[in-house]
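Have a look at the structure below before the remarks.
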Amino acid sequence: MKINRTDFIKNEYIKTDKGKKSEETAVKDSVILSSGNTEIPLLPSSSQEIKTGKSVPMTITLDIGGKETQKKIMGQKTDKELILNMKHTNDIHGNMPFVSTLIEPDEFWVDAGDAFQGYRFHSIISGGREENDLMNLRDCDLATTGNHFYDYNGTWGGNFLIEKANFPYISANTKGLAPYAIAEVEGVKLAFIGVRTTEKKDLMVDPSKTKDLEITDPVEALEKSVSEVRAKGVKNIIVLSHLGLEPTPAHPNVVTDKEIAKKIPGIDLIIGGHTHTPTKEKVEVNGTRIVHAGIEGKSDVATDDLYLGQLSLKIDRSTGKITSIDHKLIQVDRSKPVDEDVKAIRNKYLMEEDFIGSQKLGIANTSFTHKIKTPVDSALGNLVTDAIRKSTEADVAVLDSNFFATSREDPPPSVLSEGEITMKGLTETSLWMGKALDASVETWNVPGETIKKLLEDGVNKLLSSKKTEGLYQVSGLTMRYDTSRPEGNRVTEIFIGEEPLLPDKNYRFTTSYIQGNWNPLFAGRDEASVEDGLKIRNIVADSIRDKIQINSAEEKRICPA
């Protein structure tokens, strides 16, 4: 059964080059709809095809390092002009079933990274395989790697996905990948050059699993590739980028698409991703057009607005150069059914998820809860930190209160309910324990002085107005604090076991990899000394299995004055 693809389309936004004939036609045929504070023309379905030529099959050849592949695609052409139509995606984040239903195998399709990582237990189980299978099904032509590409089992996991893909991953600044592909259609050549962000801290995986991942400066890599393809006679240059549209508060000092366009003249088009900013308005910098699609915003990738991009490149056949670029965003409706062939792939991974999630672990005789702003230790915090400390044989285990959050904004209390405990139920207690991301433990030696600073930071977070910040949960230590004291001196007492904490003494310390990787207190640590551990979810599951029945209790590990 083939679903009507228009069922998935909520809105189609189009922006065209100013001063071009195609814009005059599009605007004339368009209906202006309000989208927030911006008016965006909505292209009616009767005008979807560009009417400058008949839609006909054309052969497109992709050359990557001398290896060629061919594919039949639909396009338009006249004696004077050639129109290459393509779909583009980025930051799909686990929504590929809904997007792939809107793409036909005979369409030219490129992806600008982060198809994977849907921040759900399902995505953890799939590990990118579902998205890869769907991209194979709809015959994706080219992709670049996003910052989440190596989330599942690090470099090994990424290489596994590359090996199973029927399409090439390109990245000029990632060692081991082809930097670019040269496409040729009707005698016209276009270079697609891949590039990705250099920020490794965004990887939701243990740093030890990506130590052999070498990512170089994107500007230098692009300059080199642009020079090479120009030397090969390629006149049209398209960058497939996962750098982001422009800097954000979370990433203020990174190279972005706009900076690339300023620094490297002559790029015709950047098809980008990473910042979750679909380009509903025309973006052009230094003569370079920039387009983004994908998820809009970062509250919840399962519900945020989602867009598929559509491009039409008009090419002068006499010069072989792109003369205009039409861009349209198609809003995807997740409530509509997917194609049967897409559904079959989806169901395969849902069965895996159900099998693992239904595993019975034990019985909770009482409920275990955690509130982000709790001024003391919590039953759930004690359960998890005890499990990881004992598993790693550490002196101290510490987890950020946010580790137990169940949502990204104003999270409700986390609860492991009384009664039978399943693996799925355990994952629902925390974003980081499988509900969204599968955090693992890291263990290394930390001086007492740093532990004191960390606990002081926890008190500051408790007093913060941010609803997602609170005290660190602990095992192996007890502490007292007084919020009336000056910042930096609020923790008044710390015991490691039965002994007072010594500032100069090293303690065996364990936490989640995300805290070890992101917390500035650990920025200077020796990564070679870090022991990569098991997934926290599995450690806690084993702890519950060992006890069979568990009870919660207040232990007063953390006491306010």
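To convert a position in the sequence shown, counted from 1, into my numbering, add 215.
Each residue gets a CB set at the ideal place from its N, CA and C atoms; glycine is no exception.
Computed from a predicted model, the values in this text were never measured in an experiment.
How far does the beta strand (DSSP E) with residue i in it extend, from its first residue to its last?
i: P312; result: Counting along the chain, P312 falls outside any beta strand (DSSP E), though it belongs to the alpha helix (DSSP H) covering 311-315.
i: H308; result: No beta strand (DSSP E) contains H308, which DSSP labels as neither H nor E.
i: G409; result: 403-411
i: I560; result: Note, I560: premise wrong, no beta strand (DSSP E); alpha helix (DSSP H) at 555-572.
i: G290; result: 282-292
i: R695; result: 692-696
i: L686; result: Counting along the chain, L686 falls outside any beta strand (DSSP E), and DSSP gives it neither H nor E.
i: K456; result: Checking the sequence, you will find Ser at residue 456 rather than Lys. That run of the beta strand (DSSP E) goes 451-457.
i: H466; result: Note, H466: premise wrong, no beta strand (DSSP E); not H, not E.
i: P775; result: 773-775
i: E708; result: 706-711
i: G577; result: 575-579
i: T584; result: 583-585
i: F323; result: 323-326
Which stretch, first to last residue, makes up the alpha helix (DSSP H) that contains residue i?
i: Q730; result: 728-733
i: D761; result: 751-762
i: Y395; result: It is not in any alpha helix (DSSP H) - Y395 instead sits in the beta strand (DSSP E) that spans 395-400.
i: E438; result: 433-446
i: H337; result: 336-341
Can you tell which of the options has its C-alpha closest to the C-alpha of residue i?
i: I711; options: R549, L692, A776, Q291; result: L692
i: V656; options: K495, T607, E567; result: T607
i: H337; options: Y564, N501, S514; result: Y564
i: I553; options: I279, L299, G280, F313; result: Before going further, note that residue 553 is Val rather than Ile in the sequence given. Closest option to V553, Cα to Cα, is F313.
i: A476; options: L528, P433, P467; result: P433
i: W659; options: E746, T471, I666, S679; result: E746
i: I636; options: S690, D610, N580, H585; result: N580
i: I505; options: L526, D601, V516, K771; result: L526
i: P626; options: K681, K605, T665; result: K681
i: K575; options: R760, E296, R561; result: R760
i: E671; options: L376, R700, G634; result: R700
i: K529; options: K668, P590, K295; result: K295
i: E511; options: R532, E624, D306, W733; result: D306
i: R623; options: S645, V689, V630, S341; result: S645
i: E378; options: G343, N734, G502; result: G343
i: K605; options: E499, D757, L349; result: D757
i: D719; options: Y728, E713, P662, I751; result: P662
i: T197; options: K551, T725, H303; result: With the chain covering 216 to 776 only, the question about residue 197 has no answer from this structure.
i: K551; options: L317, H489, F364; result: L317
i: F618; options: G649, V611, P590, E633; result: G649
i: L822; options: S270, N310, H303, F323; result: No answer is possible for residue 822: it lies beyond the span of the chain, which begins at 216 and ends at 776.
i: D610; options: H303, Y722, M311, R445; result: Y722
i: I275; options: G309, V400, K302; result: V400
i: I771; options: N597, D569, D615; result: The sequence shown places Lys at residue 771, rather than the Ile named in the question. Measuring from the Cα of K771, the nearest candidate turns out to be N597.
i: K292; options: E555, L614, S533; result: S533
i: L460; options: I479, P480, E443, I485; result: I485
i: S539; options: G739, T503, G509, K447; result: T503
i: V613; options: N734, N501, S744, N704; result: N734
i: E474; options: S341, E435, H363; result: E435
Contact defined as beta carbons within less than 8 Å: I believe residue i pairs with residue j. What is the distance between those atoms, to the nearest angstrom?
i: S456; j: G487; result: 4 Å
i: G577; j: K639; result: Contact doesn't hold; Cβ gap of about 14 Å is too wide.
i: G535; j: A393; result: Contact flag wrong, Cβ pair sits at about 23 Å.
i: R411; j: T425; result: Actually they are not in contact, since the Cβ atoms of R411 and T425 sit about 13 Å apart, beyond 8 Å.
i: V557; j: S315; result: 6 Å
i: G361; j: D329; result: 3 Å
i: L523; j: I545; result: 4 Å
i: L686; j: I603; result: In fact, because the Cβ distance is near 17 Å, the residues do not count as touching under 8 Å.
i: F375; j: C355; result: Between C355 and F375 the Cβ distance is about 17 Å, and since that is not below 8 Å, they are no contact.
i: K385; j: T359; result: In the sequence as presented, Lys is not what sits at residue 385; that position holds Ile. Sure, about 6 Å apart at Cβ, within 8 Å.
i: T683; j: A620; result: 6 Å
i: H585; j: S629; result: 4 Å
i: D653; j: R752; result: 6 Å
i: T698; j: P775; result: 7 Å
i: R335; j: G309; result: 6 Å
Measuring only from the beta carbon, is residue i closer than 7 Å to any heavy atom that is part of the ligand MN?
i: A327; result: Ligands are entirely absent from the displayed structure, and the ligand MN is therefore not among its contents.
Inter-stretch contact at 8 Å, needing at least 3 Cβ pairs: the segment 756-772 / the segment 656-675:
no
Entirely enclosed alpha helix (DSSP H) segments - the segment 468-553, minimum 4 residues
Taking only runs of at least 4 residues, the alpha helix (DSSP H) segments lying wholly in the segment 468-553 are 472-478.
If you scan the segment 592-632 from start to end, which runs of the alpha helix (DSSP H) of 4 or more residues do you find wholly inside it?
594-607
Given 8 Å, three or more beta-carbon pairs between the segment 439-457 and the segment 390-409:
Contact annotation: the segment 439-457 touches the segment 390-409, with at least three C-beta pairs closer than 8 Å.
Length at least 3, wholly inside the segment 638-664: the beta strand (DSSP E) runs in chain order:
655-662
Across the segment 284-291 and the segment 481-496, are there enough close Cβ pairs to call them in contact, namely three or more that are closer than 8 Å?
no
At 4 residues or longer, and completely inside the segment 351-381: list those alpha helix (DSSP H) runs for me, N to C.
369-379
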